[in-house]
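Chains as they are written, first to last, in my numbering: chain A, 1 to 267; chain B, 1001 to 1267; chain C, 2001 to 2267. Beta carbons are placed, not taken as given, at the ideal position from N, Cα and C, and that holds for glycine.
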Amino acid sequence: MTSRRIITLTTDFGLRDHYVAAMKGVALDISMEANLIDVSHDVEPQNIAQAGFLVASIWAFYPDDAIHVAVVDPGVGTNRKPIAVHAAHGIFIAPDNGLLAPALLAQGALQSSDGLLTHAAGVELINSTYHRTPVSPTFHGRDIFMPVAAHLSTGADFFDLGPMIEHIVCDQVSNVREESGVIRGTVVHIDRFGNAITNISGAVLPPRLSVSVVGATVVGLSLDYQAAEVVAIVGSSGSLEIAVRNGSAAEELGLKVGDEVTVSAAT
Amino acid sequence: MTSRRIITLTTDFGLRDHYVAAMKGVALDISMEANLIDVSHDVEPQNIAQAGFLVASIWAFYPDDAIHVAVVDPGVGTNRKPIAVHAAHGIFIAPDNGLLAPALLAQGALQSSDGLLTHAAGVELINSTYHRTPVSPTFHGRDIFMPVAAHLSTGADFFDLGPMIEHIVCDQVSNVREESGVIRGTVVHIDRFGNAITNISGAVLPPRLSVSVVGATVVGLSLDYQAAEVVAIVGSSGSLEIAVRNGSAAEELGLKVGDEVTVSAAT
Amino acid sequence: MTSRRIITLTTDFGLRDHYVAAMKGVALDISMEANLIDVSHDVEPQNIAQAGFLVASIWAFYPDDAIHVAVVDPGVGTNRKPIAVHAAHGIFIAPDNGLLAPALLAQGALQSSDGLLTHAAGVELINSTYHRTPVSPTFHGRDIFMPVAAHLSTGADFFDLGPMIEHIVCDQVSNVREESGVIRGTVVHIDRFGNAITNISGAVLPPRLSVSVVGATVVGLSLDYQAAEVVAIVGSSGSLEIAVRNGSAAEELGLKVGDEVTVSAAT
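Set out below in structure tokens:
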């Protein structure tokens, strides 16, 4: 039986260089049948939060046995751990630098207060049987993360990858806070169209609301991007977005990743 | 039997965001064996004509049972129809906004005068059995077009997708006109090398000719890009192109999409 | 038996246009099971040396039966030969313009002095049975290189592709010279992070060294990118690199492809 197990890739390596193709070669050399799917390699260099947003935005659309590899790794070669987390909806492989927190929080596999895994198992990737050797000090994507993913895709035992861990780093998670009826979140991604995507779930919004960002206040939610000059909308990822009709909210309002967004009940 | 049915993707979603990976996840969740091939995701945002050019430029190289999904969809959420067209050389799935017209015209499956399908069957995609639910008002690529393509790839009945349609929109088609021996067309694409590709087929050119665009007139066709400083050439897509030797015609002559091109017999 | 034979692609065609998708369609029309893997399509237009570097950087990670197609082809339509080389670690298909030299040198399949193939067989691709016809004078990637690769992937006889050749062009190879204990090489690639990758192998470096490039001299090798402001490091590809901590060596030192790099013993 062939097993076309899916392995998704999210990195900041770009596609001008040989890095991504090297990773794919390593995976295919272990498993000819691996089904490699690019999420994005255009993460801003070393932007862990952006990679975290991307992984959190795609896992729900993949089969539960998909393996998601994400490598944005400014600490490569230092003592940050390489980890894998087996959750109900996917296996996630990355450096332990907060990258996986948004995806795991979104599926209820992590406590944001202390980084405790819940309904999910974690391991530190130290069993070199599943690594490419020698491991380069600068390219764990090729030498640890991808070989581990490929071995898992061919049936390696998750718990043989290394010792179990109970907590993961979740520093990079921008928490959404609610106080006195005001919700405060942040812009976590600017998409290609210039829409500013926040970390505020559409599920927590009051029925009548006012959304404020630097340079604009919008009253009411719209159902599509054409409804007004500046719209607040629950986008396709289920989060609150700020958009400008036929234009770029990022450019026209000066929005950028990290900007605060507040939502209050409109009167 | 495994069925590695090909599904090509052409969008303006870029590869920095999660949109394309979400679409691929939806397809693979329906059919693990779908063979997803990217045409381009770098269509200029909302440029229907450019997407139409790309699809028209690639269908002929694919097997006739390939499924071509193209999503450049400024009208998403309005009353434009989502459609599929089953032609002799491929199944085409897109919003009904003119995107499919160039590909269907090129294979004789459409009348440019009134958008009537000929030797091809069309359906409006309203059977929600084949959609992802709930359908987002802003992302039919993920919720309608890709699930329909994936279900077709596993054997769904084309005529069960929705009611038949006889006409499609073909507003975006730039017609080539011939009058008094002068052929008038337009630049439909500027490629990476700066070559200006027109919608004038190499098959209709007179044996000795003069080609005029803004800023240049070229006498005679060349057989390769090195033949002269500025060349008129029938490029690999079979259309008339304007190119500059070892340079960019777009930059050096100031050519852009939409510019008029006239061809007349040279004396 | 299905054969998911790997075909890698390295070109300067970009992903905005239809060229790469046309090549993939041609391959899949010949072999539905071809496993097409993109190395990069963002090679600087007509930069043969950069494409050569990329192919040389990835073959070692792929199975030995992988087929590597590389098309950077300023001489298309002239009398440069289309060739294939069957080496111990891969089959390589490209125009005979020096592109394949770095990969073949690296695996000991080529003599740099005169371009003689050793432990490798070469053929000139003239048997039109394996081409798409008619062959466009401007797009051999689609009409010769990819069809040949796809036919090989389904079992075509290598020696039926055309007459054997004993030498290939290796003009583009920047040789590394050593004289009086000083090693002289060049920068062959600037990666996404601005690291300047040289053609000097880490294996030939003296234990204590001084590395000089335009604008900087570095004493000693570092083990990771964080060790100092400017570091000399043997990167993941095994070659000497110049990097700037949390920055771009290319921008901050003004380095570019072709710059000379000298290594001498430090006292």
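Check: CB contact check: residue 1152/B to chain C, cutoff 8 Å; Outcome: no
Check: Members of the segment 1115–1147 of chain B that neighbour chain A once the beta carbon cut-off is set at 7 Å; Outcome: 1136, 1137, 1138, 1139 and 1142
Check: Helix, strand or coil at residue 2092/C according to DSSP, with G and I counted as helix; Outcome: strand
Check: Under 8 Å by beta carbon: chain C residues contacting residue 1016/B; Outcome: By Cβ distance, chain C contributes nothing, its closest Cβ being about 13 Å from residue 1016/B, past 8 Å.
Check: Option in 19/A, 133/A, 236/A and 72/A with minimal Cα separation from residue 198/A; Outcome: 236/A
Check: Straight-line Cα distance separating residue 91/A from residue 2168/C; Outcome: 47 Å
Check: CB contact below 8 Å: residue 1004/B versus chain C; Outcome: yes
Check: Interfacial residues, the segment 1025–1059 of chain B to chain A, with Cβ spacing under 7 Å; Outcome: 1025, 1026, 1028, 1029, 1032, 1033 and 1045
Check: For residue 38/A, the three-state DSSP class (helix, strand or coil); Outcome: strand
Check: Residues near residue 238/A in its chain [Cβ-Cβ closer than 8 Å; skip 5 each side]; Outcome: 201, 202 and 203
Check: CA-to-CA distance, residue 1245/B to residue 1046/B, given in whole angstroms; Outcome: 31 Å
Check: Other residues of its chain near residue 2138/C: CB distance less than 8 Å, five sequence neighbours each side excluded; Outcome: 2076 and 2077
Check: Interfacial residues, the segment 64–85 of chain A to chain C, with Cβ spacing under 9 Å; Outcome: 74, 75, 76, 77 and 78
Check: Closest by C-alpha distance to residue 2186/C, when choosing among 2145/C, 2037/C, 2255/C and 2108/C; Outcome: 2255/C
Check: Chain B contact for residue 2193/C (CB, 8 Å cutoff); Outcome: no
Check: Neighbourhood of residue 1104/B by C-beta, 8 Å cutoff - its chain only, sequence neighbours within 5 removed; Outcome: 1085, 1087, 1092, 1110, 1117, 1120 and 1168
Check: Per-residue DSSP class, three states only, for residue 2032/C; Outcome: coil
Check: Nearest-angstrom beta carbon gap, residue 2213/C and residue 2221/C [assumed within contact, 8 Å]; Outcome: Wrong, their Cβ atoms sit about 15 Å apart, outside the cutoff.
Check: Reference residue 1124/B, options 1098/B, 1080/B, 1163/B and 1089/B, closest by Cα; Outcome: 1163/B
Check: Listed by chain order, chain C residues near residue 13/A by CB distance under 7 Å; Outcome: 2192
Check: Closest Cα partner of residue 82/A within the set 19/A, 147/A and 184/A; Outcome: 147/A
Check: Opening and closing residue of the alpha helix (DSSP H) in which residue 1207/B lies; Outcome: Unbroken run through residue 1207/B: none, as it is neither H nor E.
Check: Span of the beta strand (DSSP E) around residue 2255/C; Outcome: Run containing residue 2255/C: none; DSSP gives neither H nor E here.
Check: Amino acids of chain A, ordered along the chain, whose beta-carbon sits closer than 7 Å to that of residue 2236/C; Outcome: 136, 138, 139 and 142
Check: Nearest-angstrom Cα separation, counted from residue 20/A out to residue 1095/B; Outcome: 33 Å
Check: C-beta atoms of residue 247/A and residue 194/A nearer than 8 Å; Outcome: yes
Check: Inter-residue spacing [alpha-carbon to alpha-carbon] between residue 2/A and residue 145/A; Outcome: Its pLDDT being 49, under 50, residue 2/A is placed unreliably by the model, and the measurement read from it follows with that caveat. Between residue 2/A and residue 145/A, the C-alpha separation is close to 23 Å.
Check: Best match in 18/A, 41/A, 102/A and 72/A for proximity to residue 59/A [C-alpha to C-alpha]; Outcome: 102/A
Check: Residue environment, residue 53/A, which counts as buried when at least 16 other CB atoms sit within 10 Å; Outcome: buried
Check: Within the segment 2085–2144 of chain C, ranges of the alpha helix (DSSP H) (whole runs, at least 4 residues); Outcome: 2101–2106
Check: Secondary structure of residue 2074/C, DSSP reduced to three states; Outcome: coil
Check: Coil, strand or helix - residue 2068/C by DSSP; Outcome: strand
Check: Interface positions of the segment 2252–2265 of chain C facing chain A (Cβ-Cβ less than 7 Å), listed along the chain; Outcome: none
Check: Start-to-end residues for the alpha helix (DSSP H) that takes in residue 1150/B; Outcome: 1146–1153
Check: Member of 2122/C, 2153/C and 2128/C whose CA lies at the smallest distance from the CA of residue 2159/C; Outcome: 2122/C
Check: Unbroken stretches of the beta strand (DSSP E), 3 residues or longer, contained in the segment 1156–1240 of chain B; Outcome: 1177–1179, 1182–1190, 1196–1201, 1209–1213, 1216–1219 and 1230–1234
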